[in-house]
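Q: After the structure tokens below, expect a handful of questions from me.
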Amino acid sequence: MSWFTNFLLSSIGQKLIMSLTGLFLIVFLAVHLTGNLQLLYNDNGEAFNTYAYFMTSNLFIKITSIGLYTGILLHAIQGILIWRRNVAARGTGYKVKKASDASFSSRNMGWLGVIIAIFLALHLYQFWAKMHFGTMEMINYHGYDYAVKDLYSVVDHIYSNPVYVIIYVISMIVVGLHLWHGFQSAFQSLGLNHKKYTPLIKGLGMIYTIVVTLGFAIIPIYMYLN
Amino acid sequence: MKLTLKIWRQTNANDKGSFETYNLDNISTDMSFLEMLDVLNEQLVTEKKFPVSFEHDCREGICGACSMVINGQPHGPMKGTTTCQLHMRSFNDGDTIVIEPFRSRAFPVIRDLVVDRSAFDRIIQAGGYISVNTGQAQDGNAIPIEKDTALAAFDSATCIGCGACVAACPNASAMLFTSAKVSHLAKLPQGEVESTKRVLGMVNQMDQEGFGKCSNTGACEAECPKEISIENIALMNREYLKASISSDKMG
Ligand code: HEM
Ligand code: SF4
Ligand code: FES
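Just so you know, the sequences run in chain order E and R.
Per the working numbering, the first sequence runs over residues 538 to 763.
Per the working numbering, the second sequence runs over residues 520 to 770.
Dropping the structure here:
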């Protein structure tokens, strides 16, 4: 085996991949949220739909999104492999467990991840697949010389169904729990643990997690109520 | 005090094993936990039953032998202590105490509470040597080392190789132990010379032994009797990354 594959297959190399893909997903979530907040405008979807058009037509974004798909797959597959190995490493379990040594999130990253993956499948089917392969109404907004797909109405329609709103909000709580541990953990995996900066990273992680979870969850609730 | 003990009994590595319940009376709060087990074993011997096997040696918290999980905590409820330093005053009259062996596929049970921790020895061996002169002890000040550095290295070096970190980790990972061993040498000029080879060898061996992978849960440092910090794990992650990139070994 070459030194490089050796490194990538070592437990520390695997964690490095988890960490880097995780951080990439963290950046993605921030961008995604900023875009989605445009759903809150009462402008008949103009801001959101033209933004969605830009995100599916810009070459740079297209290339980045290939990186994103690869990153999610790598993160999910690697995560499940690590999880399976970790369960096997214990062997016979304990009769009595004192759980509080480790946070709920940190003990359940695997389960939380799998729930996120299931949500992601639904989410991609509802919007991404429809945007890329489905048919949609076209709208020509005033001042644009091209028509754009009316994704806004699709979103609005789906979140008029309370079941989807509830699934969405629960999924965001799960993402929040995953990140509650994941954000700071990613830095530790990279070897970044420092008396001065680690408390800052942990604080930033909590703020990020709360803002992102709430930010996403508000959108379908708002759309449902409107 | 009166106690009910539920102890894991297993005659050998192949035996399935099960919990047995024992009742003890007249236990003094001044006894250490291991003395309490000694009393139990005397009782078992007079009843012509096999005593409970458990490991112990120094009984003062320096050898790391006294491995067992007490009510779900490796080395019991006291922070920063080993089982042999735990006293019965940490329990109440009438308590039920569940005692189990450390659980890890890499630490197979030999008998009752005794597990085979030689995986740790092989990790240490894989670390190799450090280049210091043998013979006469060197002058203590021959290599100047800053006080803070010496203290940090000493903190890492206090790891007694007990395995509680593996037992406490939800993933049965040996990262805290291995990182303590990597760090205490990496922090000192004497250990720096072979630091690349050392970290590659030790991590590689750790992976081969079948330990789990670190999820940064922090359960290890919470249960470590020597309160080794997970900062050591971050340091090892850095050392390993650096070593993998800079080492001129191709394979
Ligand atoms: C919104 C998407 C996601 C984000 C932002 C995210 C983020 C993260 C981060 C930052 C970490 C910490 C990495 C580290 O400790 O080094 C992590 C760990 C983990 N993720 Fe995700 N993740 C996401 C989705 C998923 C999915 C879909 C799965 C699996 C199906 C998953 C499974 C895991 C597992 C098992 C770990 C723990 C690995 C370990 O033991 O350290 N994640 N995630
Ligand atoms: S790091 Fe702590 S718990 Fe782990 S072997 Fe060393 S002393 Fe024991
Ligand atoms: S018997 Fe030596 S540390 Fe407990």
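C-beta: ideal position from N, C-alpha, C; glycine also.
1) Mind checking if Met769(R) is an interface residue toward chain E, Cβ cutoff 8 angstroms exclusive?
2) If we cut at 8 angstroms on Cβ distances, does Gly728(E) have a partner in chain R?
3) For ligand 2, is there any heavy atom lying closer than 7 angstroms to the beta carbon of Cys743(R)?
4) Once DSSP output is grouped into helix, strand and coil, what is the label at His606(R)?
5) Spell out the partners DSSP gives Trp648(E) in its beta bridges.
6) Between Cys585(R) and ligand 3, is the CB less than 7 angstroms from at least one heavy atom?
7) Does any C-beta atom of chain E lie closer than 8 angstroms to the C-beta of Arg624(R)?
8) Compare the Cα-Cα distances from Tyr590(E) to each of Ala684(E), Phe541(E), Leu727(E) and report the closest residue.
9) Compute the Euclidean distance between the alpha carbons of Val651(R) and Leu707(R), then round it to the nearest angstrom.
10) Does ligand 3 have a heavy atom nearer than 7 angstroms to the CB of Ile581(R)?
11) Are the Cβ atoms of Ile649(R) and Trp527(R) separated by less than 8 angstroms?
12) Starting from the beta carbon of Thr629(E), find every residue of chain R whose beta carbon is closer than 7 angstroms, and list them in chain order.
13) Taking all protein chains shown into account, decide if Arg627(E) is buried (16 or more other Cβ within 10 angstroms of its Cβ) or exposed.
14) Leaving aside the five residues before and after Gln604(R) along the sequence, list all residues of the same chain whose C-beta is less than 6 angstroms from its C-beta, in chain order.
15) Measure the C-alpha to C-alpha separation of Cys733(R) and Tyr689(E) and round it to an integer number of angstroms.
16) So what's Val706(E) in DSSP terms, helix, strand or just coil?
17) Is the stretch 735-748 of chain R close to the stretch 683-701 of chain R, with three or more CB pairs under 8 angstroms?
18) Using a beta-carbon distance cut-off of less than 8 angstroms, what residues from the stretch 739-753 of chain R approach chain E?
19) If we define contact as Cβ-Cβ less than 8 angstroms, is Leu751(E) a contact residue for chain R?
20) Which of the three DSSP states, helix, strand or coil, is assigned to Ile589(R)?
21) Check whether the Cβ of Gln592(R) lies closer than 8 angstroms to any Cβ atom in chain E.
22) Assuming Pro620(R) contacts Met587(R) under a Cβ cut-off of 8 angstroms, what Cβ separation, rounded to an integer in Å, is found between them?
23) For Ser551(R), would you say it is in contact with chain E, using Cβ-to-Cβ distances shorter than 8 angstroms as the test?
24) Let me know the secondary structure DSSP gives Glu539(R) once reduced to three states.
25) Identify the contact partners of Val722(R) in chain E, using a Cβ-Cβ distance below 8 angstroms as the criterion.
26) Alpha carbon to alpha carbon, what distance is there between Ser748(R) and Glu574(R)?
27) With DSSP as the reference, identify every bridge partner of Gly731(R), one or two as the case may be.
28) Is Trp527(R) near ligand 1, with its Cβ less than 7 angstroms from a heavy atom?
29) Counting only beta-carbon separations shorter than 8 angstroms, does Leu553(E) have a partner in chain R?
30) Taking 7 angstroms as the cut-off, is the CB of Ser726(E) close to at least one heavy atom of ligand 1?
31) Give me the chain C residues within the contact set of Lys732(R), using Cβ-Cβ distance strictly less than 7 angstroms, ordered along the chain.
32) Counting only Cβ-Cβ distances shorter than 9 angstroms, please list the residues of the stretch 526-541 of chain R near chain E, keeping chain order.
33) Check whether chain R comes within 8 angstroms of Asp580(E), counting only Cβ atoms and requiring the distance to be less than that.
A: Let's see:
1) yes
2) yes
3) yes
4) strand
5) None; Trp648(E) has no bridge partner.
6) yes
7) yes
8) Ala684(E)
9) 12 angstroms
10) yes
11) no
12) Arg622
13) buried
14) Gly580
15) 42 angstroms
16) helix
17) yes
18) Ala741, Glu742, Ile749, Glu750, Ile752, Ala753
19) no
20) strand
21) yes
22) 6 angstroms
23) no
24) strand
25) Ser547, Ser548, Ile549
26) 26 angstroms
27) Ser692(R)
28) no
29) yes
30) yes
31) Annotation note: the requested chain C is absent from the structure, which comprises protein chains E and R.
32) Trp527, Gly536, Phe538
33) no
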